[in-house]
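Numbering follows the numbering used here, in which position 34 of the sequence shown is assigned residue number 34; successive positions increment by one, without gaps.
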Amino acid sequence: MAGIVRQEYSDQQSAFLSMQPVDGNGSFRQYLSGRKPQDYYEAIGEADLLVTEEGEHNGAIVLCGGKYYEVVQRQEWLNGVINHFEYLLFIMKEQDALELVG
């Protein structure tokens, strides 16, 4: 058999995230080089979400406002005051997301 074995997704969980269109000059500038920023969103929150690791495991899938996003990058802000994570989310087609989560 050929292909990559993908792990299953865990149970659905709720998380509070602040989401906005990505700023091409912001925290994920290096990752976005050569990509279309309009295909991405940034999210900030305290939830520790899984990030896509090619060939290793799937990133968390976020459902917000009826649209699906996959977590592709993460930055940790652990300053001891308000620890949080900043995420880069890739906009997914609904069919692709539903195929992944079953």
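We put the beta carbon where it would ideally sit given N, CA and C, even for glycine.
C-alpha distance - residue i paired with residue j, whole-angstrom precision
i: residue 87; j: residue 79; result: 17 Å
i: residue 100; j: residue 82; result: 33 Å
i: residue 37; j: residue 57; result: 24 Å
i: residue 53; j: residue 33; result: 19 Å
i: residue 63; j: residue 91; result: 10 Å
i: residue 1; j: residue 70; result: Unreliable positioning characterises residue 1 in this predicted model, as indicated by a pLDDT of 44, which lies under 50. The coordinate reading is nonetheless provided below. The straight-line gap from Cα to Cα measures roughly 27 Å.
Residues bridged to residue i (per DSSP)
i: residue 18; result: 44
i: residue 62; result: 69
i: residue 88; result: 42 and 73
Residue i vs residue j beta-carbon contact at 7 Å
i: residue 42; j: residue 20; result: yes
Limits of the alpha helix (DSSP H) - the one that residue i falls within
i: residue 94; result: 94-101
i: residue 29; result: 29-32
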